[in-house]
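Take a look at the structure set out below.
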Amino acid sequence: MKQIRHYGIAAALAFASVGAHAQNALGTHVRGTNDPLFVAQEMLGRPTDTSITVNASSTKNLDVYYEYGTKSGVYTGKTDITAFRANEGVNVLIDKLKANTQYFYRMRYREPGTTTFSARTEHSFYTQRAPGSTYSFVVTFDDHLDDNADDETFKLTMKNMAAEKPDFFISLGDNFFTDKLNPVTGEAVEDRVQLLRSYYNLLNHSTSMFLALGGHEGENPGRLNGTPNNLAVWDTNFRKKYIPNPEPNGFYTSTGKPEPFMGLRQSNYAWTWGDALFIVLDPYWNKAEQSGGDWSMSLGREQYEWMKKTLETSKAKYKFVFAHSFIGGQRTSGGGARGGIEGIKFLEMGGYNYDGTYAWDKMRPGWPKPIHNVLADTKTTIYFHGHDHTYVKQELDGVIYQTGPQPSASNTELNDRAKIYNYTQGTILGGTGYMRVTVSPDNVKVDYISTWLPSKETATRKNGMLLDSYTIKPRT
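Count along the sequence shown from 1, add 345, and you get the number used in the working numbering.
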């Protein structure tokens, strides 16, 4: 059986920097949560109107089932017994549920050969909300377990979000940081995914998880080598092992085909919840027919057409799109295409080259219009994007473009990050924390909630304080 190592962010960074040889010398450290029987505790995912999936992974062989009901402590249903094998990621489907209903559930488990099932803590979830419902979800930007990450800050952000009791949590990528490993091995990649998963344990037992992909996950086809032994395959498979993103099933729609050694990648998907449409994009895997140079980043034709059709045919009052970054953006002194609406005219977002010439028809022949035009024409409510590690709220042609802070940051000052990334418009704030979005029939309310450790609190700076807030009415 594989030994499960438990370490904090600092230790994780140490092995990412100096390589796998140093991992065994790190000793045992406390991660986000630590249960000797479970390397991955209960995580909810793929909620629908009649079902939900629970992912978990144990450190030894177990027999497991889940019992559930609509009243706390009263369980009227249960799943079949599932055999957990040590260090496997196991998804169990709880189905035949009622829509728009809160359920309570708990895991029951025993070691094979024994007769008594032990019970874990009760948790809860909601099935798909009906139109007209009021509910909330939370968003983080760049979990980024890097040298600017603080273990206690990240845990506190997770605990703050859990206290909100949101229906689900959307994380906008640059999470595992597996592309920084040296050397890159399958074991090291799994360790990084387990590390992040241990922090999500604080929240996702009662809040469904949706993960978007960033560049630091290393999931791009340029890393493929025709074998299963490369970062793109390892990261995809270990992500899927521990985080149950949706696949198309009638409730969720998606694009893509099964890939060698990976199957369906579960990297882009859309669903409706209450009065809102949600679309999660993957900017890193697909290529356009005309690519290369500045125009290398693309949704790809299939994903672009799926996004466009999904937005155009949706009758939802509110439409939310999520991606780690713009598909394009602006050249900056900080390197790479970054920034907000100041650079939205460029590349696949707006159709222009960096020299100001219009190149859409040449670089995306046959595509109807740039991404921003699609968003504006379909009255998209908010495009959430990460990548730039600071809070900026902007608006262009009726579309809100919202980026946010690193939820684990040890340095909470803005410094000159916004200036480096060419943000000059909108509401620009420093700090660390997360976004809380409340959806109701009358409006969408977006709040920036800060995270402050006790050692950093002052008379005017408290953990959980509201740093910015705005409200959006349905667009007609």
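Ideal placement from N, C-alpha and C gives every residue a C-beta, glycine not left out.
{"Asked": "Can you give me the C-alpha to C-alpha distance between Gly531 and Leu540, rounded to a whole angstrom?", "Found": "14 Å"}
{"Asked": "So what does DSSP say about Phe499, is it helix, strand or coil?", "Found": "helix"}
{"Asked": "Following the continuous alpha helix (DSSP H) through Trp705, name the residue where it begins and the one where it ends.", "Found": "705-708"}
{"Asked": "Around the Cβ of Ala615, are there at least 16 other Cβ atoms within 10 angstroms (buried) or fewer (exposed)?", "Found": "buried"}
{"Asked": "Where does Glu647 land, buried or exposed, given buried means 16+ other C-beta within 10 angstroms?", "Found": "exposed"}
{"Asked": "Which of helix, strand or coil does DSSP assign to Leu556?", "Found": "strand"}
{"Asked": "In the DSSP assignment, find the alpha helix (DSSP H) that holds Glu564 and state where it starts and stops.", "Found": "Element bounds for Glu564: n/a, residue is neither H nor E."}
{"Asked": "Which one or two residues does DSSP pair with Ser403 in a beta bridge?", "Found": "Phe383"}
{"Asked": "Rounded to whole angstroms, what is the Cα-Cα separation between Gln675 and Asp733?", "Found": "12 Å"}
{"Asked": "Taking the alpha-carbon positions, what's the Val782 to Trp618 distance?", "Found": "13 Å"}
{"Asked": "On the premise that Lys504 lies in contact with Leu547, defined as a C-beta separation below 8 Å, what is that separation, rounded to the nearest angstrom?", "Found": "6 Å"}
{"Asked": "Just curious, the alpha helix (DSSP H) that Lys818 is in, first and last residue?", "Found": "Looking at the DSSP string, Lys818 is not in any alpha helix (DSSP H), and its letter there is neither H nor E."}
{"Asked": "I'd like to check one pair, Thr735 with Ile773: are the Cβ atoms closer than 8 Å?", "Found": "yes"}
{"Asked": "Measuring only the C-alpha atoms, how far is His730 from Ala668?", "Found": "5 Å"}
{"Asked": "Anyone know if the C-beta pair for Ala444 and Asp524 falls short of 8 Å?", "Found": "no"}
{"Asked": "Just to confirm my understanding: we take Gly434, look at its own chain, exclude 5 residues before and 5 after, and list those with CB closer than 7 Å. What are they?", "Found": "Ala385, Asn400, Ser402, Lys586, Tyr587"}
{"Asked": "Roughly how many angstroms separate the alpha carbons of Lys405 and Arg430, rounded to a whole number?", "Found": "7 Å"}
{"Asked": "Can you tell me whether Lys660 sits near the ligand SAM, meaning its C-beta is under 7 Å from at least one heavy atom of the ligand?", "Found": "This structure lacks the ligand SAM; in fact it carries no ligand of any kind."}
{"Asked": "What did DSSP end up calling Ser800 once you bin it into helix, strand or coil?", "Found": "helix"}
{"Asked": "Whole angstroms is fine: what's the gap from Asp491's alpha carbon to Asn788's?", "Found": "37 Å"}
{"Asked": "Could you confirm whether any beta carbon from chain D is found closer than 8 Å to the beta carbon of Tyr448?", "Found": "Looking for chain D here will not work: only one protein chain is present."}
{"Asked": "What is the rounded straight-line gap between the Cα of Met780 and the Cα of Asn808?", "Found": "14 Å"}
{"Asked": "Quick check: what's the CA-CA separation for Lys629 versus Val538?", "Found": "As written in the sequence, residue 629 is Tyr, which differs from the Lys given in the question. Taking the straight line joining both Cα atoms gives about 19 Å."}
{"Asked": "With a threshold of 16 other CB atoms inside 10 Å of the CB of Arg806, please say whether the residue is buried or exposed.", "Found": "exposed"}
{"Asked": "Could you spell out the range, first to last residue, of the beta strand (DSSP E) harbouring Lys738?", "Found": "736-741"}
{"Asked": "Under the rule that 16 or more other beta-carbon atoms within 10 Å means buried, what is Ser795, buried or exposed?", "Found": "buried"}
{"Asked": "Can you give me the Cβ contacts of Lys690 inside the same chain, cut-off strictly under 6 Å, excluding the 5 residues immediately before and after it?", "Found": "Tyr697"}
{"Asked": "According to DSSP, is Gln648 helix, strand or coil?", "Found": "helix"}
{"Asked": "Leaving out the 5 sequence neighbours to the left and right, which residues in its chain are closer than 7 Å to Leu558 when beta-carbon positions are compared?", "Found": "Gly518, Glu564, Ser612, Asp627, Tyr629, His669"}
{"Asked": "Alpha carbon to alpha carbon, how far is Ser814 from Asp792?", "Found": "4 Å"}
{"Asked": "In or out: Glu634 buried (at least 16 other Cβ within 10 Å) or exposed?", "Found": "exposed"}
{"Asked": "What is the DSSP secondary structure of Val529, reduced to helix, strand or coil?", "Found": "coil"}
{"Asked": "DSSP state of Ala356, grouped into three classes?", "Found": "Only weak support exists for where Ala356 lies, its pLDDT of 46 falling under 50; the coordinates are left without a value."}
{"Asked": "Within 10 angstroms of its Cβ, does Gly458 collect 16 or more other Cβ (buried), or is it exposed?", "Found": "exposed"}
{"Asked": "Near Pro603, which residues of its chain fall below 6 Å by C-beta distance, leaving aside the five closest residues on each side in sequence?", "Found": "Leu609"}
{"Asked": "Between the alpha carbons of Leu622 and Tyr597, how many angstroms are there, rounded?", "Found": "11 Å"}
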